[in-house]
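Visitor: Numbering (the numbering used here), first residue to last: 8 to 134. Even glycine gets a Cβ: it sits at the ideal position worked out from N, Cα and C. None of these values were measured; they are calculated from a predicted model. Quick one: this structure, given as structure tokens, is what I'll be asking you about.
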């Protein structure tokens, strides 16, 4: 016996018909999907008005933003990197940061010893 029995053939035809109907149902019409508009809250209203192309505040906000980014990338971050390197790398080495000694002039008093710096001897004949 070859081929399908009448019951098997009927079942197979019904399955094929159901599959075709299911695939046809999966196609969306131009009106689908139907999404109900959500009520707009104050934040959404603000941003839709704010982002309009001819908005008055748009150039000012852009200038403030670009200035902030410029200041952050060109001033603050490099200053932080320099501060970090000086604090944790250069100052840890002996004589990494050398301070100059205060200048002494005749008549100054040395704080530690109380000694007074004598006047320079006057020499004649030089310039």
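Pick out the complete alpha helix (DSSP H) segments inside the region 77-103, 4 residues or longer, and give them in chain order.
Guide: Taking only runs of at least 4 residues, the alpha helix (DSSP H) segments lying wholly in the region 77-103 are 84-92.
Visitor: Residues bridged to residue 116 by DSSP?
Guide: Locating residue 116 in the chain shown gives position 109, counting from the first residue. Looking at the DSSP assignment, residue 116 forms a beta bridge with 123.
Visitor: For a quick check, are the C-beta atoms of residue 117 and residue 111 less than 9 Å apart?
Guide: The residue you call residue 117 lines up with position 110 of the chain shown. The residue you call residue 111 lines up with position 104 of the chain shown. Yes; because the gap between Cβ atoms is below 9 Å, this pair is in contact.
Visitor: Would you mind giving the Cβ-Cβ distance between residue 113 and residue 126, rounded to the nearest angstrom? I have them listed as a contact below 8 Å.
Guide: Your numbering for residue 113 matches position 106 in the chain shown. Your numbering for residue 126 matches position 119 in the chain shown. Right, their Cβ atoms sit about 4 Å apart.
Visitor: Pull up the CB-CB distance for residue 57 and residue 64, whole angstroms please, since I reckon it's below 8 Å.
Guide: Here residue 57 corresponds to residue number 50 of the chain shown, with the count starting at 1. Here residue 64 corresponds to residue number 57 of the chain shown, with the count starting at 1. Confirmed, Cβ separation roughly 7 Å.
Visitor: Could you give the first and the last residue of the continuous alpha helix (DSSP H) run that contains residue 26?
Guide: Along the chain shown, read from residue 1 onward, the residue named residue 26 stands at position 19. Counting along the chain, the alpha helix (DSSP H) containing residue 26 begins and ends at 13-33.
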